[in-house]
Structure formats: structure tokens, C-alpha cells
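Here's the structure, in C-alpha cells; my notes come after.
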Amino acid sequence: MSRLVVVSNRVADPRKTAAGGLAVALGDALNGAGGMWFGWSGTVIEGGAPGEGELHVQQAGNVKLATVDLSAEDHAGYYLGYSNGVLWPVFHYRLDLARFDADYIGAYRRVNQLFARKLMTQLLPDDIIWVHDYHLIPLAAELRAMGCKNRIGFFLHIPLPPQQVLAAIPQHEWLMRAMFAYDLLGFQSQADLQNFSRYVQAEAGAEELGNNRFRAFNRTVRAGAFPIGIDVDEFAALTHAKEALDMYERMKDEYSRRKLLLGVERLDYSKGLPQRLRAFKCLLERYPENLRSATLIQIASPSREDMGTYTDLLQELESLCGAINGDFGELDWMPVRYMHRNVARKRLPGLYRVARVALVTPLRDGMNLVAKEFIAAQNPADPGVLVLSRFAGAAEQLKEALLVNPYDTDGTADTIQHALQMPLQERQARHQKLLKNIREQDVHWWRKTFLDTLCDAASE
Ligand code: GDG
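Per this note's numbering, the sequence shown runs over residues 9 to 468.
See the structure below:
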């Protein structure tokens, strides 16, 4: 049987509990059959030579971890610069936040070449290579240039924007040409797939060969939508384990007289946090019965603290929370409980389960796994309600959530009120359908469907 080689910017020991999201999904994919996980070691070498980095190889159970150090110059240009200063904002439709610094692209290319060089020394002829996310778009092109003939698939965890937005990136043609070095391109949603299809036909004169296969630059690539899921059973088990139960009981006692609303995410401008707080304020103004009652717990776990845009967001959030609590709070009730800290993964399900309403309202999101985790953690007999942004990839699947436009403050406030008032029977019916959906398309389904399609695509 072929070995699976996963390549992603960050690598985590699959034997340890990961913080969530990508790390959990990939750890799970590898833990089953074994394989190799390749990426950045997380170490930055001050004064290190650009384009160079030591390779470290260690065995973690049945998974080989191969990681490369980065020089400070490469880290600044590849990770902070091109990946998170250009690709992240543009792919989330935020041209206003992109910093098109001409120096970044050199570092981005250099690190992809460095990874390709180091990875080549570790590959076996029959390995299946699965590359993840925007940091590594040109990796397959670099590998192919070094003679790699393996099957290579790519999965984009974040959205792919429409043609006109993508075309604002000065190197957009180069990036898209690089995508054709893969055998399979996986996107989160049909909307992303359509954006890809329109872009390559309009900008690269690609021919659509049917069955989502595209021909351009003398290569054929297959594309598809593979919405990422969670491990529902693992999450349900976490929900019934001690840490989550303790959390649930404690919060239930403390908030027995209150209606609890919950938001959990990394502090990121894609997540729509200021808009959510404004909608919550609007809820208190428009529906005063929520005063002294509705409490929003907002967890914003620290993320990319070394980037300026994130500092601005932090300040905006702190000021909004302070203003809402100052204007509406009472001695015995504060409307917003805001935490700029990480909550342990084992405790999260208890928090999800105690919430009457989850607010998952990103301005744009590849998928959003918090929405799925919230559903998995509910008590089916008395489930909470999911308020979900129509701009999250998850909205294509989770149709029984209450969908909102996060830019519409009044509309979002009205929908939150609807969620708070929803009768038990309707909550149960919606939850049942949502749970069925996340079970059918869980993380195992995602991995298997992607890898089966990759093997098909490569043999075509
Ligand atoms: C990218 C795409 C796509 C959050 N706060 C805490 C915490 N989390 C965990 C959640 C969840 C994960 O982080 C977040 O996953 P998301 O999917 O919501 O978002 P991104 O991190 O932006 O991930 C996204 C994803 O890739 C997968 O393809 O869905 O669209 O942007 O698991 O639970 N975990 C802990 N403490 C926290 O405070 N332990």
C-alpha cells in the first residue's frame, strides 16, 4: 500500500491533543495508516542563511515527522509577509488589508523550493503527497521541476475568491499556473470551486474537459469541493469526559438564570468579531427583555500576534466590549464576557453544550469547524441553536442553522432573538438534521473522498 505524506506549514505530534482544526484533521488522517508529516519545525534561526534550514526527522508512533527550520528572513517574507500579509487577506476578499510588498514573493518561492528540496530526500516512489493550504501553493511545481513523479494533491483550507479579486495579486498568474502541477485541487465549497473554474477559463484560457477536469499550461488538473468535517464521535466522547462535564456543570450553575450566547474563535479579522458585538448590542437595544439576562461569552484565542492588523483588531474588540458593558451592565450582570486567551480543548465541549445560542458569524471562512463542533456537543433532547454566517463555507452544508449576513447588524440581531425564542420542538428537529449532516460528511469521509479522488485523478 502507498504511504501517505502530508505536507503543511505547521506539523504537530499526532500522539498529543492538538489545539483543533487542521492539526486534528491531519493527525487523524495519518494516525490511522501511518505515514510522514512534513513542514516547518516552528524554529526561526536568527541570522540564518535565506533558503537554508536544517531538516529534523523523528518517529512519533507510526508517523514520521520531518521538519525544517527557517531563517528569520525567510520566516518574515514567507510566513508573515506573503502567506499572511498577502494570500490570507486577499483569499478572504480583503484587498484593503493586503500588503503587496515586492520582497515577499522571493521568500515565499525560496521556502517552497527549500521544502521541495528537503522533501525530495525523504520520498519513496509510490508515496501519495497531500499538500495543505495557501503557504504551499507552488510546492508541487517545485517538486515537479526536481523530477518528482508522485501523485500530488492540494487542499485549500481557506476560501478562493472570485476572479477579479484574485487577479489583484501581482503574481496571480504564476500562482495559478503552479496549481496545475497538482493532480487534484480540493476546495472547501462549491462556491470556491466555481471561482476557480471561472478564473482559469477567463484568465488562463483553460478548457473544461468535463468531470471538473481543466486543461491549461499543457497539464490537466482535476478539481473538486471536499468540505472538511470533524470527528463527530471523538468530539461527542470529549463532551462526556470529565473536563467537559466539569465545565458544563460549573457554567450551568453560574448561568442558571441567564441565557448564554457563545462565540469561540482565533482572534482574526475574517471572523467578524466587531460586527458580532455590534449585533449583540443591537439585540439589547431592540429587545430589552434580554437585559439582565442574555450574556455573550466571547473567546478570542491569541493568533498571529506579531502582525499589526491583529493588534488593531484586539484594540477595537476591547473597546467595543468595554462600551457595551459600560452602557448596559448592572452590578449583578455584565452582558459580555470577553477572553483573549486559549481555552483547553477538553473543556470546550462543555462550554458549547451549555450555550443556548452559538454565534458563528465570520465575514468569510473556508469552512468553520466551530459550527460543527457546536452541533456535535449538543444534548439532542435540549439542543442549542446555531446562528451561522452565510459567508462561512459551512453554510452550504448546514442549511438548518439560522443563516445571517454578518454585515447586517439589525438583521443579525433579529435572528439572534429568533434563536433565543425558538421552541424546543423546532430546535430538536433542526439539530437532528444538522447532526446527520456532520456525521455523513465527517473528517473520515473528507480524507477518504479526497484521497480516493486523487488516486483516480492521477491514473486518468
Ligand atoms: C482554517 C480555516 C477551516 C478556537 N479557539 C480555541 C480553540 N479553537 C479551535 C476550534 C476549532 C479550531 O480552533 C478553529 O477552526 P476553524 O475551522 O473555525 O478556523 P481556522 O483556525 O481559521 O482554520 C477554516 C479550517 O482551516 C479547517 O479546514 O474550517 O475556514 O480558516 O477546532 O475548536 N481550541 C482551543 N481553545 C480555544 O480557545 N483548544
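Virtual Cβ for every residue (Gly too), placed ideally from N, Cα, C. Computed from a predicted structure; not experimentally measured.
Start and end of the beta strand (DSSP E) containing residue 46?
In the sequence shown, counting from the first residue as 1, residue 46 sits at position 38. Here the beta strand (DSSP E) through residue 46 covers 43 to 53.
Residues in its own chain within less than 7 Å of residue 147 by CB, not counting five upstream and five downstream?
Against the sequence shown, residue 147 aligns to sequence position 139. Closer than 7 Å at Cβ, skipping near neighbours: 15, 120, 123, 124, 139.
Would you mind reading off the limits of the alpha helix (DSSP H) that contains residue 72?
One-based indexing of the sequence shown puts residue 72 at position 64. It is not in any alpha helix (DSSP H) - residue 72 instead sits in the beta strand (DSSP E) that spans 71 to 79.
What separation, rounded to the nearest whole angstrom, lies between the Cα atoms of residue 208 and residue 194?
Counted from its first residue, the sequence shown places residue 208 at position 200. Counted from its first residue, the sequence shown places residue 194 at position 186. Computed Cα separation, rounded: 15 Å.
Backbone CA spacing between residue 427 and residue 97 [nearest angstrom]
For the purposes of this step, residue 427 is identified with residue 419 of the sequence shown, where counting begins at 1. For the purposes of this step, residue 97 is identified with residue 89 of the sequence shown, where counting begins at 1. Their Cα atoms are separated by approximately 31 Å.
At a threshold of 7 Å, does residue 373 count as lining ligand 1 (C-beta to nearest heavy atom)?
Along the sequence shown, one-based indexing puts residue 373 at 365. Answer for residue 373: yes, Cβ within range of ligand 1.
What's the call for residue 186, buried or exposed, on a 16-neighbour Cβ count within 10 Å?
The residue given as residue 186 occupies position 178 in the sequence shown. Buried, since its Cβ has 16 or more Cβ neighbours within 10 Å.
Let me check you understand the geometry: is the CB of residue 381 closer than 7 Å to at least one non-hydrogen atom of ligand 1?
What you label residue 381 is simply residue 373 of the sequence shown in a count that begins at 1. For ligand 1, at least one heavy atom lies less than 7 Å from the Cβ of residue 381.
Separation of residue 145 from residue 95, as counted between CA atoms
The sequence position of residue 95 within the sequence shown is 87, counting from 1. The sequence position of residue 145 within the sequence shown is 137, counting from 1. Rounded to the nearest angstrom, the two C-alpha atoms are 10 Å apart.
With DSSP collapsed to three states, give me the class of residue 225.
Residue numbering aside, residue 225 sits at position 217 when the sequence shown is read from its first letter. If DSSP states are grouped into helix, strand and coil, residue 225 belongs with coil.
Measure the alpha-carbon distance for residue 317 versus residue 152 and round it to whole angstroms.
For the purposes of this step, residue 317 is taken as residue 309 along the sequence shown, with counting starting at 1. For the purposes of this step, residue 152 is taken as residue 144 along the sequence shown, with counting starting at 1. Going by the C-alpha atoms only, they are around 36 Å apart.
Please report the residue range of the beta strand (DSSP E) in which residue 518 lies.
In the structure as shown, the chain begins at 9 and stops at 468. Residue 518 is therefore absent and cannot be evaluated.
Look at the alpha carbon of residue 108 and the alpha carbon of residue 232, and state the distance between them as a whole number of angstroms.
Stepping through the sequence shown from its first residue, residue 108 is reached at position 100. Stepping through the sequence shown from its first residue, residue 232 is reached at position 224. Between residue 108 and residue 232, the C-alpha separation is close to 29 Å.
In chain order, what are the residue ranges of uninterrupted alpha helix (DSSP H) at least 4 long that sit wholly in the segment 303 to 356?
316 to 336
On a CA-only basis, which of 456, 324, 312, 352 is nearest residue 251? Give me that one, please.
Counting from one through the sequence shown, the residue named residue 251 turns up at place 243. Comparing C-alpha distances from residue 251 to each of 456, 324, 312, 352 shows the shortest one belongs to 352.
Identify whether residue 36 lies in helix, strand or coil by the three-state DSSP scheme.
As a first step, residue 36 is located in the sequence shown; it is residue number 28 there, counting from the start. Helix, per DSSP.
Member of 288, 357, 306 whose CA lies at the smallest distance from the CA of residue 335:
Looking up residue 335 in the sequence shown gives position 327. Residue 335 has its Cα closest to that of 288, out of 288, 357, 306.
Element boundaries [alpha helix (DSSP H), containing residue 14]
Numbered from 1 along the sequence shown, position 6 holds the residue referred to as residue 14. It is not in any alpha helix (DSSP H) - residue 14 instead sits in the beta strand (DSSP E) that spans 12 to 18.
Could you give the first and the last residue of the continuous beta strand (DSSP E) run that contains residue 100?
By 1-based counting over the sequence shown, the position of residue 100 is 92. Run containing residue 100: none; DSSP gives neither H nor E here.
Where does residue 343 land, buried or exposed, given buried means 16+ other C-beta within 10 angstroms?
As a first step, residue 343 must be located in the sequence shown, where it is residue number 335. The residue in question, residue 343, is buried, as its Cβ has 16 or more Cβ neighbours within 10 Å.
Spatial neighbours of residue 341 within its chain, please: CB distance less than 6 Å, with the 5 preceding and 5 following residues excluded, ordered by chain position.
Translated into positions along the sequence shown, residue 341 becomes position 333. Closer than 6 Å at Cβ, skipping near neighbours: 300.
Is residue 378 close to ligand 1? I mean its beta-carbon at under 7 Å from any heavy atom of the ligand.
As a working mapping, residue 378 is identified with position 370 in the sequence shown. Yes, the Cβ of residue 378 comes within 7 Å of a heavy atom of ligand 1.
CB residue 170 to CB residue 196, shorter than 8 Å?
As a first step, residue 170 must be located in the sequence shown, where it is residue number 162. As a first step, residue 196 must be located in the sequence shown, where it is residue number 188. Their beta carbons are not under 8 Å apart, which means residue 170 does not touch residue 196 by this criterion.
Along the chain, where does the alpha helix (DSSP H) that runs through residue 285 open and close?
In the sequence shown, counting from the first residue as 1, residue 285 sits at position 277. Run containing residue 285: 281 to 294, per the alpha helix (DSSP H) assignment.
Using the three-state DSSP reduction, which class does residue 399 fall into: helix, strand or coil?
As a working note, residue 399 is residue 391 in the sequence shown. Looking at residue 399 - three-state DSSP - the assignment turns out to be coil, as it is neither helix nor strand.
If you compare alpha carbons, which of 143, 162, 43 is closest to residue 132?
As a first step, residue 132 must be located in the sequence shown, where it is residue number 124. The residue among 143, 162, 43 with its C-alpha nearest the C-alpha of residue 132 is 43.
Verify the contact flag: residue 274, CB atom, against every heavy atom of ligand 1, threshold strictly below 7 Å.
Here residue 274 corresponds to residue number 266 of the sequence shown, with the count starting at 1. Yes - ligand 1 has a heavy atom lying nearer than 7 Å to the Cβ of residue 274.
Run through the segment 79 to 146 for me and flag every whole beta strand (DSSP E) of 3 or more residues, listed as ranges in chain order.
For the segment 79 to 146, whole beta strand (DSSP E) runs of length 3 or above, ordered along the chain, are 136 to 140.
Alpha carbon to alpha carbon, how far is residue 60 from residue 24? Give it in angstroms, no decimals.
Against the sequence shown, residue 24 aligns to sequence position 16. Against the sequence shown, residue 60 aligns to sequence position 52. Answer to the nearest angstrom: the Cα atoms are 29 Å apart.
If you compare alpha carbons, which of 205, 460, 418, 391 is closest to residue 293?
For the purposes of this step, residue 293 is taken as the residue at position 285 of the sequence shown. Distance check between residue 293 and each of 205, 460, 418, 391 places 418 closest, using alpha-carbon atoms only.
Taking the alpha carbon of residue 86 as the reference point, which residue from 254, 72, 58, 63 has its own alpha carbon closest?
Indexing the sequence shown from 1 puts residue 86 at position 78. Nearest option by C-alpha distance: 58.
Relative to the alpha-carbon of residue 452, which residue among 41, 17, 19, 20 has its alpha-carbon at the smallest distance?
In the sequence shown, counting from the first residue as 1, residue 452 sits at position 444. If we check each option's Cα against that of residue 452, 41 comes out closest.
Would residue 152 count as contacting chain D if we go by Cβ distances under 8 Å?
Absent here is chain D; the protein component of the structure consists of one chain.
Selection from 272, 242, 174 that minimises the alpha carbon distance to residue 345:
Numbered from its first residue, the sequence shown carries residue 345 at position 337. For the residues 272, 242, 174, the minimum Cα distance to residue 345 belongs to 272.
Between which two residues does the alpha helix (DSSP H) harbouring residue 442 extend?
Here residue 442 corresponds to residue number 434 of the sequence shown, with the count starting at 1. Per DSSP, residue 442 belongs to the alpha helix (DSSP H) from 432 to 448.
Can you tell me the Cβ-Cβ gap for residue 136 and residue 229, rounded? I've got them flagged as a contact below 8 Å.
For the purposes of this step, residue 136 is identified with residue 128 of the sequence shown, where counting begins at 1. For the purposes of this step, residue 229 is identified with residue 221 of the sequence shown, where counting begins at 1. Actually they do not touch by this definition, with Cβ atoms about 16 Å apart.
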